[in-house]
Each structure stands twice: as structure tokens, then as C-alpha cells.
Amino acid sequence: MTAHSFDNIRNFSIVAHIDHGKSTLADRLIQQTGTVAARDMEEQMLDSMDIERERGITIKAQTVRLEYKALDGKTYILNLMDTPGHVDFAYEVSRSLAACEGSLLVVDASQGVEAQTLANVYHALDAGHEIVPVLNKIDLPAAEPDRVKEQIEDVIGLDASDAVPISAKTGIGIDLVLEAIVKRLPPPVGDETAPLKALLVDSWYDPYLGVVVLVRVIDGVMKKGQKIMMMGTDAHYDVDKIGIFRPKMQDVEKLGPGEIGFITAQIKQVADTRVGDTITEDKRQCASALPGFKPAQPVVFCGLFPVDAANFDDLRAAMGRLRLNDASFTYEMESSAALGFGFRCGFLGLLHLEIIQERLHREFNLDLIATAPSVVYRIALTSGENIELHNPADLPDVMKIKEIEEPWIKATILTPDDYLGSVLKLCQDRRGVQVDLNYVGKRAMVIYELPLNEVVFDFYDRLKSISKGYASFDYTITGYKEGDLVKMSILVNAEPVDALSMLVHRGRAESRGRAMVEKLKELIPPHMFQIPIQAAIGGKIIARETVRALRKDVTAKCYGGDVTRKRKLLEKQKEGKKRMRQFGKVEIPQEAFIAALKMDS
């Protein structure tokens, strides 16, 4: 292949809110440039996981190389990065943006600007991108392109006068998008003769090839057989195979500056390839490493236990396999008196948790119980030591604790005016502090500071149900603040159940405790003796319910006769019950755990 000048390369990504048509637009671009034969074309071409196709969301960022012959007669190479829109996968977005120079901002012409449109545009602007606004779904009767253009200008501050109107579904305006990419996005800049400098954008495990690494070359040339070094981990490898994606893999001899492709180099584990690392030549190293990314920090923790204890080893193997492809997911072993052996896992958010659970169930056929999700607390002890708490059951003795800090978030919620009252009330109920409230067109944009602890439980579901699905929500973690938090234990027949203990704010402990014991009262089947279910903070019981005993009618065989005979039988039954109470072990069915943990507060 002859060396291309970089003027005919364009690297761009598509950013948008969920469901505004990113993946559909990517499909049309692939089709229009003839990258994939018509017979191989399918919907959501770049979403390779079943779960992505079913839910219609993108989870892993994907890349594809398109060749486009423009109106000026030149042939351009376009590298497209399809990014996820959901807040839990924001780190996927940030690393895709680092590999590009420009972005297409897709906004739904009927819905307008949403919470994650804002979040993702700010990511792109932070990465120094040139942005081309694209108005999608203009074929819908409800589309109002002029209103949405104004909105983009007011809310985001981008000039939207020459926004490209398209319909990704029907294919209207796709040629205009291609021309805009070529004309309005900048070409990459790089030096072909300098030492190799490449950004490690992503890595995943392929059962046939081992670890596949997605790279964006900044300077120099990457060739087959070259000896390379990862600057962050100081690891050395020989390049076996170099290629590009047209979604299928295609081998090439080399990659020059500005090009995006993949390499394999007999790397054994994905953990050895840190996303954001700089790859350089072993002998001729570049002067400085690229800035890289912050490693993804897990925010939500929960315990995952196999329903059948015999499946523990399968679960361990499955976790190892998932970790190969998802470096943001962390796990460590833990055991629980109620649930046996399992793992304490860390996730980037609730959707991430749900996806991992779903994948474990689907790809590895495992039935799991998840404990209540909790966040990471920071605890300052009176001894001057600071510890991080992932599991409420491990809380140290109250006398040793000086203060507990919990993570807070800044939430941006966009909601139609009709539901504003309910949304504000929801945020107030969750200990929120209002920061800002203004209007974006016909919708209110509310900014709240909230404790993450109140959000991980069921905030998103409640928000969707009170706004009939119209509110959109995005958050960033702002830091830690001291909170008046207490550990609430659930006692069944005077024994604490570790899987149900949680850290709650003192002001909300009573209502949370009462809801929990009422729920358990319905779920625990009656035994031969009565069972007290209590919620306690330290030694103080804050709520109690009792499961009534099953009674056998011992007086059934007494026909008439003296009342003392009946009394004697009842006394005898009472004695037996007392004795049973002392030795009685309560069986809590697993469904009760699952249902209690899913409790809607």
C-alpha cells in the first residue's frame, strides 16, 4: 500500500443520548460507503453482543473503517467509533473520544436535547473535538428541527445553523453527513518518521487470537514483527498480526499516523493491557507517554451468590472470563452465613450490575442471588486510621468510629413540566440538595446533589415511573461528605441475618426498617412456633413484626365434658411450643431473600 497523506483520513465518533439513533446512523454510513455487502448487512451492525441487540443499547465501543469517494473526487478513509450513550459506560465513551479528532452529535429532532446528550457533548469538547450537529428522525410527524436547533444553541452553546437534517432509518441525508465529515472535521496530525507512539484504546479476549488490542497510531509506523513496549506496564511483546475492522477483521502490513486498527501479540490476559497506555518501539522509544485515562472506579458493590452452592466453582470461572473483557468489573471472594460462598463485586453503576448479572445468567447458565447494592463508604476510626467499607456487614464497632463519609453525586434531570413537582419531591425525599433549576425549551432541567446511597437502590425506576418514562437522568460523582449513618441489622428469631444488613441515614432508618420487616413477614412461611422479625440499630429495636405460629387443634377430640380437660391439653401444647421455640431454627426460603432485597422503599 502506498503511504497516504493524512489529509484523507478522518477519525470521528458518534455521541448522543440513548435511543437517539447512533447505531442506526452507523449502519447507514456502513451501507452508503459499501463497506459491507448488501446480503451481509444487518441491523445494529456494530452491536455484537446478543444483550446489546435485545435491549437496543450499545455497551462496548466498536470501531469500523469506511472508504468514501467524496464529491471532490478524492477517496477518504473514515474511522468511525460507535460509542455507548449510557452513563454507566461513560469511560467507554471517554477512551473512544481520545482516539478521534471530531464528533457527530446526534440529536433526536422530536425529543430534543436530553441529559446524556449534554454529558457526552461535554466529554467531546473536553477532548478538544470539532463537533458537527446532526438532527435525526426528521421523517417523524412530531419532528421540530427548528426548535431543536435553537435548543442546541441555547443549552450547549454550539452553532447549529448548519446542522445536518437526516433520517437514519430511511436513509435521507446520509450523503450530506459523509460530506460534512470530510469537509468540517479536521484530519489527524502526525509524524511518520518519528518513533512509534500509539494509544491503546481498548482490549478484549478472543478465544482464537488471545488478547486483541485496539490502537490509534499517533506518530511513527506500526509493522508486523515489530518489537513493542507498553510504557505503563513496561511489558515487551512482538507484533504477530496487524489489521483493521471493516466490521470483520482484515489484515494489513502496517498502520501509519492517524490510523486506527488492531494488533495481536501473544498477550495472555486483558489485565496486562491497560486502557489508555502508550505503545512504543522497544529500541527506539518515544520521549513521553500520552496522558491516558483514569482507571474506572467501581461505585456500586453487591454480593453475588450461586443459588446452588455446588455451582460456586462455575461462578468463579465465569467471573474470571467476564473480567477478561470488562476491566472495569472487580470481584473478591466473600462468605455469608445465610447464603454460603460467593463474591463481592464492584460495578460502575446499576445498569452495569444488571448487564453483568444478565451475562452470567445467559452466557454461563448460572442462577444467582444478589444482595442489596451498596456504595463505598470511607470510615475514619478513632485510632486515626482510615478504611474503605464495601460491605455493610463488616462495619467496625460503633465506639471505634469517628465519622463515616458517603459518596455524593451531582445529578442532572431533564423532565417535562407536568412532572416537575413529583421529581422535586423524589429528590427531596432522597436527602437531595437543589443546586439549580432552569428551562430548556418546554422542559425543566433540575440539578441536584444527592447521596449515591439513595440513588443506587431504586431511584432510576422511581424517576421513570413518576415521569411516565419521559425524564432523563445523568450523574457524575462529586466527592465524599460526612453523613449521619447507622447500620441497620435485621434479626429473625433473635439472630442477625448478615445478607440483609445495610447502612442507612438515621432519619430514614425507621421507615426503611419497618418496610423491610413487613415485607419479610409476608415472605417467611409460618412455623410451629411464632417468629419475631426485628429491625435493630445497635441494641435498639426500631421495628418488629411477628409471624404467627401454625396451630394444631388439640381439643378437636374433646366432645363436651369438663372444661378442665380442654385446658389441660392446651397447657400441654403451650409447654411443647416453648421448648420448640428454644431449639427452633427458622427456614428462610431463598425467594424471600431475593424479594426482600428488591424491596421498593
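Position in the sequence shown counted from 1, then plus 6, gives you my numbering. Where a beta carbon is used, it is the ideal one built from N, C-alpha and C, also for glycine. The structure displayed is predicted, hence computed values, not measured ones.
Considering only Ile-144, Lys-155 and Glu-156, the residue with the shortest C-alpha distance to Ile-178 is Ile-144. Within the region 267-351, the complete beta strand (DSSP E) runs of at least 3 residues fall at 284-287, 306-312 and 336-342. Fully enclosed beta strand (DSSP E) runs of no fewer than 3 residues occupy 537-543 and 546-553 of the region 533-570, in order along the chain. In this structure, DSSP gives Met-405 a helical state, which the three-state scheme calls helix. The Cβ atoms of Arg-190 and Val-207 do not sit closer than 8 Å to each other. Leaving aside the five residues that flank Trp-414 on each side, the residues in its chain whose CB is nearer than 8 Å to its CB run, in chain order, Glu-455, Leu-456, Pro-457, Leu-458, Ile-483, Thr-484, Gly-485, Tyr-486 and Lys-487. For Gln-157, the CB contacts under 7 Å within the same chain, skipping 5 residues up- and downstream, are Gly-118, Val-119, Val-446 and Gly-447 in chain order.
Pairing Pro-194 with Leu-296, the inter-Cα distance amounts to about 16 Å. The three-state secondary structure of Ala-104, taken from DSSP, is helix. Leu-141 counts as buried, since no fewer than 16 other beta carbons sit within 10 angstroms of its beta carbon.
Within the region 448-492, the beta strand (DSSP E) runs of at least 3 residues that lie entirely inside it are, in chain order, 449-457 and 478-489. In terms of Cα proximity to Ala-500, the closest of Asp-165, Lys-546 and Asp-288 is Lys-546. Rounded to whole angstroms, the Cβ separation of Leu-387 and Lys-408 is 6 Å, and the two are in contact under 8 Å. If you draw a 10 Å sphere on the C-beta of Pro-147, you find fewer than 16 other C-beta atoms in it, and that means exposed.
When beta bridges are read from the DSSP output, Ala-76 appears opposite no residue.
DSSP places Gln-117 in the coil class of the three-state scheme, outside both helix and strand.
DSSP places Val-207 in the uninterrupted beta strand (DSSP E) bounded by 203-212. With a beta-carbon spacing of about 6 Å, Val-306 and Gly-355 fall inside the 8 Å limit used to define contacts. Annotation: Arg-350 to Ala-549 spans about 28 Å, alpha carbon to alpha carbon.
Just measuring C-alpha positions, the residue of Leu-576, Asp-435, Asp-467 and Ile-180 sitting nearest Arg-514 is Asp-435. Per DSSP, Ala-241 is not a residue of any alpha helix (DSSP H); the beta strand (DSSP E) it occupies stretches across 241-244. Within its own chain, the residues whose Cβ lies closer than 7 Å to the Cβ of Leu-77, once the five positions on either side in sequence are excluded, are Glu-185, listed in chain order. The bridge partners DSSP lists for Asn-17 are Asn-85. For Ser-380, DSSP records a beta bridge to Phe-307.
Of the candidates Gln-291, Ile-172, Ile-248 and Arg-327, the residue whose Cα lies closest to the Cα of Pro-139 is Ile-172.
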